[in-house]
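Undergrad:
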Amino acid sequence: MERNRLQRILRAAWPRVVAIGILLGIWQLLVVAGVQSPGGASLPGPGDAIGEIGFLVHTDVLVPALFQTLERAAIGYVLALALGTLIGLAVVRVPVLRAGVGSLLAGLQSLPSVVWVPIATLFLAIGGQVENAVYFVVIMGAFPSIAMGLMSSYDNIPPLTFSLARSMGARGPRYYRHFIFSATLPGYVAGMKQAWAFSWRSLMAAELIIGSTASSGLGQILDNGRSLDDLPEMFAAVLTILVVGIAVNDLVFAPMERGLLRRRGLIPA
Amino acid sequence: MTVALFRRPAVLTVEADDAFVTLEGVTKVFGHGKRAMTALENVSLEMARGEFVCVLGASGCGKSTLLSLIAGLDKVTSGTIEIADGRPAVMFQEPALLPWLTVRRNVELPMRIHNLETDQRNQTVNRLLSMVGLIDFADHRPHQLSGGMRQRSALARALAQESELLLMDEPFAALDALTRDQLHDDLNRIWQETGKTIIFVTHNVREAVRLGDRVVLMTPRPGRIAQIWDVDIVRPRELDSFEVSGLAHEITQRLRAGAASDGAE
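Protein sequences appear in the order of chains A and B. All the letters of the first sequence, read from the start, carry residue numbers 1 to 269 under the working numbering. All the letters of the second sequence, read from the start, carry residue numbers 270 to 534 under the working numbering.
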C-alpha cells in the first residue's frame, strides 16, 4: 500500500523534475556563457540563487515576507471570490445585466491589473496605509475570472437540464441548489483556478510598485534587491514567487478541479 | 374533426366526464407573420386514467411539441389542455441524468425537490430501483452505466415524481434493438403494476403497436391527427408476433399514403 503510494507520487513527479532540471540547465549554461548586465554585473547561477534563499531564510527575512505576502494573497483572493460570485450570480439571474456587464467583464479580464496601481495608491494608500491599495489591485485582477467562469458555465448548461428542472417543478432556492449551482460548479472552479493566477500576479505587481512603504512581502525583497544591485537576491525572490505560484496551483486548485471532473466522468478515472 | 376511431368498436372510448387528459382544439404556431410555422393544428384527444397512448409520426409532425405542451414546458397558441390532477412526469429521449449525482440521488431528486422525508424517500427509491432492475447500481454515477441503464434510471426518476401521468418522448430511440426490446417488456410490466397513464411519443410503428392501448397517427405540416387505432392485442406482446406485425403493416401503409390523402375526415 505504502509502496504503491510512493510509486504513484514518483510517477506524477518525474515529468516535473525533468522540466525543472532542463530549466536549471539552460540557466546554468547562460551563466557559463558569461552573460552580463550592461552595467557589468554577471548573471548569478541557480546555485547562487538557492544559496541566497538559504541566506534569506537564515537571516529571518524570507519566511516573514512569505507569510506577509501569502496573507495578502489569501485575503485579496477571498474578497475577489466573494465579489466575483455576487456579480456572476447577478448577471446570470438578471438578463438585462447580461449584455452590458458581460462584455465589460471580458474587458476587465484583459486589462492588466497593474494599471490600477497608481490610482489605488493615490486614493487608498493614505498615510502609509498601503494594504487597502494592494487589496484593491488584487481584487480588480482576480474577480472578473470568477464572474466570467460562473457566467460561461451557466451558458453551457444543456437546455434539457432546464426542461428537466421545470418538468419537476423545481423553483426558487431548490432550483438553484439542485440544478444551477451543481451544473455551474466545474466552470466556477476553473474560474477560481484562473483567478488565483491573476491575483498572484496582481499582488506581485502591487507589492513591487507600491514598494518600500508597504510592510515587507516578497515583492519588497525583489525591490530591495533592485535598489542594492543584489542580483542573487532578485533571483531568489523570483524563484520563491514562481514556486509559490506553482505550489498553490498544484496542491489546491488542480486537485480540486481534477476530482470534480473525475467524479462526473469528464476525465478518465 | 380529424379524429377517426375505426377498425373495431373502441374498447377504450372515454366518456367526457371521466377523461383524465383532455386536449381540445390544440394549436401551436411558432414565430410570427410571414415566418410563422404551424406545428400543431386543431388536435383533440381524450385519454382515460390508466390508458397507454402511443403518438406516432415521422419527424416534424409535431408529436414532441404536443408532448411539451402537455408537460407545461410550452404554451398553446389556442385550444385547451386539461389534466385531471397533478403535474405530469416527463422522460426525454436523452436520459438527462445529472452527472454529479449517483443513480440513487438522481432518482430521489424529484422527492428532494418536493421535500419528502428521508425515510419515505429511501423506501421509494429502493422500490423503484428494484422495479427497473438497478438496485445493484444505486451508487454508480451516470457515466459508469450503459445507455439502457441510463434510461432505466431516467424511468425510475420519472416514476419517483409520483405523478399519475407519465409523458415519454421517444425514450428508447437511441438504444440498440435488443436493449429496446427488453425495456419494452419492462415498461409494459411497470405500467401494469403501477396503473400509470402514459403518453408515449415515437416514430417507430412496431414500438407503438407493441406498447399502446391506442396508436394515434400524426401527419406533418401542419401536425394533426390523421387516424387512431385501438390495439386490442393480448399483453405482453412480442415485437415480431403475427398480430403486432399485421397492425404495424396496416399503420405503415397509412403512413406511406402520407400527407397527400389526409383522409379520415
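Ideal Cβ positions, reconstructed from N, Cα and C, are used throughout, including at glycine. These numbers come from a predicted model, not from an experiment.
Out of Asp388/B, Arg458/B, Leu370/B and Val401/B, which one is the CA nearest neighbour of Asp408/B?
TA: As a first step, residue 408/B must be located in the second sequence, where it is residue number 139. Of the listed residues, the one whose Cα sits closest to Asp408/B is Leu370/B.
Undergrad: Inspect the beta-carbon positions of Pro440/B and Gln496/B and report whether they are closer than 8 Å.
TA: In the second sequence, counting from the first residue as 1, residue 440/B sits at position 171. In the second sequence, counting from the first residue as 1, residue 496/B sits at position 227. Not closer than 8 Å, so no.
Undergrad: Compare the C-alpha of Gly187/A against each of Ile87/A, Leu160/A and Asn156/A and name the closest.
TA: On the first sequence, position 187 is the one that residue 187/A refers to. Looking at the Cα atoms, Asn156/A is the closest of the given residues.
Undergrad: Hey, would you say Ile382/B sits closer than 8 Å to Gly169/A, going by beta carbons?
TA: Mapped onto the second sequence, residue 382/B falls at position 113. Mapped onto the first sequence, residue 169/A falls at position 169. Result yes, Cβ atoms of Ile382/B and Gly169/A sit closer than 8 Å.
Undergrad: Taking a Cβ distance cut-off of 8 Å, strictly less, list which residues of the stretch 404-416 of chain B are near chain A, in chain order.
TA: The stretch 404-416 of chain B vs chain A, Cβ under 8 Å: Arg410, Pro411, His412 and Gln413.
Undergrad: Are the Cβ atoms of Leu66/A and Thr184/A separated by less than 8 Å?
TA: Numbered from 1 along the first sequence, position 66 holds the residue referred to as residue 66/A. Numbered from 1 along the first sequence, position 184 holds the residue referred to as residue 184/A. Cβ atoms of Leu66/A and Thr184/A: not closer than 8 Å.
Undergrad: Please give the ranges of any alpha helix (DSSP H) in the stretch 241-267 of chain A, keeping only runs that are unbroken, at least 4 residues long and fully inside the region.
TA: Those alpha helix (DSSP H) runs which fall completely within the stretch 241-267 of chain A and span 4+ residues are 254-263.
Undergrad: Quick one: does Thr184/A have its CB under 8 Å from some CB of chain B?
TA: As a position in the first sequence, residue 184/A is number 184, starting the count at 1. Cβ-Cβ to chain B under 8 Å: no for Thr184/A.
Undergrad: Give the straight-line distance between the Cα atoms of Pro268/A and Gln36/A, rounded to the nearest whole angstrom.
TA: By 1-based counting over the first sequence, the position of residue 268/A is 268. By 1-based counting over the first sequence, the position of residue 36/A is 36. Their backbone Cα atoms lie some 48 Å apart in a straight line.
Undergrad: What residue range is occupied by the uninterrupted alpha helix (DSSP H) comprising Phe55/A?
TA: Looking up residue 55/A in the first sequence gives position 55. Residues Pro46 to His58.
Undergrad: Could you tell me which of Gly331/B, His301/B and Ile339/B sits nearest to Phe289/B, measuring between CA atoms?
TA: Here residue 289/B refers to the residue found at position 20 of the second sequence. Ranking the options by Cα distance to Phe289/B, first place goes to Ile339/B.
Undergrad: Could you give the distance in angstroms between the alpha-carbon of Leu291/A and the alpha-carbon of Gln413/B?
TA: There is simply no residue 291/A to check, as chain A begins at 1 and stops at 269 in what is shown.
Undergrad: Give me, in chain order, the residues of the same chain whose beta-carbon lies closer than 8 Å to that of Asn311/B; leave out the 5 immediate sequence neighbours on both sides.
TA: Here residue 311/B corresponds to residue number 42 of the second sequence, with the count starting at 1. Answer for Asn311/B: Thr271, Gly294, Val295, Thr296, Gly348 and Arg493, listed in chain order.
Undergrad: Taking only beta-carbon atoms, is Arg381/B less than 8 Å away from chain A?
TA: The sequence position of residue 381/B within the second sequence is 112, counting from 1. It does: the Cβ of Arg381/B has a partner Cβ on chain A nearer than 8 Å.
Undergrad: Give the C-beta separation of Gly141/A and Ser113/A to the nearest angstrom, bearing in mind that I take them to be a contact with Cβ-Cβ under 8 Å.
TA: For the purposes of this step, residue 141/A is taken as the residue at position 141 of the first sequence. For the purposes of this step, residue 113/A is taken as the residue at position 113 of the first sequence. Confirmed, about 3 Å.
Undergrad: Taking C-alpha atoms, which residue in Val394/B, Arg449/B and Ile502/B lies nearest to Glu476/B?
TA: Sequence index remark: in the second sequence, residue 476/B carries index 207 (1-based). The shortest C-alpha separation from Glu476/B is found at Arg449/B.
Undergrad: By how many angstroms is the C-alpha of Arg166/A removed from the C-alpha of Ala429/B?
TA: Taking the first residue of the second sequence as position 1, residue 429/B is located at position 160. Taking the first residue of the first sequence as position 1, residue 166/A is located at position 166. If I take the Cα positions, the gap works out to 15 Å.
Undergrad: For a quick check, are the C-beta atoms of Val478/B and Val513/B less than 8 Å apart?
TA: Taking the first residue of the second sequence as 1, we reach residue 478/B at position 209. Taking the first residue of the second sequence as 1, we reach residue 513/B at position 244. Contact flag set, yes.
Undergrad: Give the DSSP-derived three-state secondary structure of Asp155/A in the structure shown.
TA: Residue 155/A sits at position 155 when you count from the first residue of the first sequence. Reduced to three states, the DSSP call for Asp155/A is helix.
Undergrad: Indicate whether Pro357/B and Leu456/B have their beta-carbon atoms separated by less than 8 Å.
TA: Walking along the second sequence from the start, residue 357/B turns up at place 88. Walking along the second sequence from the start, residue 456/B turns up at place 187. The answer is no: Cβ separation not under 8 Å.
Undergrad: If you check the beta carbons only, do Gly107/A and Val91/A fall under 8 Å apart?
TA: If you number the first sequence from 1, residue 107/A lands on position 107. If you number the first sequence from 1, residue 91/A lands on position 91. Not a contact, by the Cβ cut-off of 8 Å.
Undergrad: Cβ closer than 9 Å: which chain A residues qualify as neighbours of Arg356/B?
TA: What you label residue 356/B is simply residue 87 of the second sequence in a count that begins at 1. Under the 9 Å cutoff, chain A gives Ser167, Met168 and Gly169.
Undergrad: Which runs of the beta strand (DSSP E) fall wholly inside the stretch 454-487 of chain B and span at least 3 residues, in chain order?
TA: Within the stretch 454-487 of chain B, the complete beta strand (DSSP E) runs of at least 3 residues are 466-471.
Undergrad: Using a Cβ-Cβ cut-off of 8 Å, state whether Thr161/A counts as contacting chain B.
TA: Against the first sequence, residue 161/A aligns to sequence position 161. It does: the Cβ of Thr161/A has a partner Cβ on chain B nearer than 8 Å.
Undergrad: For a cutoff of 8 Å on Cβ pairs, would you count Glu377/B as touching chain A?
TA: Here residue 377/B refers to the residue found at position 108 of the second sequence. It does not; no Cβ of chain A falls within 8 Å.
Undergrad: Three-state secondary structure (DSSP) at Ser415/B?
TA: Here residue 415/B is taken as the residue at index 146 of the second sequence, counted from 1. Reduced to three states, the DSSP call for Ser415/B is coil.
Undergrad: Quick one: using the 10 Å Cβ neighbour count with 16 as the cut-off for buried, is Val18/A buried or exposed?
TA: Position 18 of the first sequence, counting from 1, holds the residue named residue 18/A. Exposed, because fewer than 16 other Cβ atoms sit within 10 Å of the Cβ of Val18/A.
Undergrad: Mapping DSSP to helix, strand and coil, what is Glu534/B?
TA: The residue you call residue 534/B lines up with position 265 of the second sequence. Because Glu534/B sits at a pLDDT of 40, beneath the cut-off of 50, its placement in the model cannot be relied upon, and the following sentence gives the value as read from the coordinates. It is coil, neither helix nor strand.
Undergrad: Name the residues in the stretch 430-454 of chain B whose C-beta lies less than 7 Å from a C-beta of chain A; which are they?
TA: Hits within the stretch, in order: Gln430.
Undergrad: Alpha carbon to alpha carbon, how far is Ser199/A from Ile139/A? Give it in angstroms, no decimals.
TA: In the first sequence, counting from the first residue as 1, residue 139/A sits at position 139. In the first sequence, counting from the first residue as 1, residue 199/A sits at position 199. So the alpha carbons of these two residues sit roughly 7 Å apart.
Undergrad: Take every Cβ of the stretch 318-332 of chain B, pair it with every Cβ of the stretch 480-487 of chain B, and state whether three or more of those distances are shorter than 8 Å.
TA: Verdict: yes, contact present.
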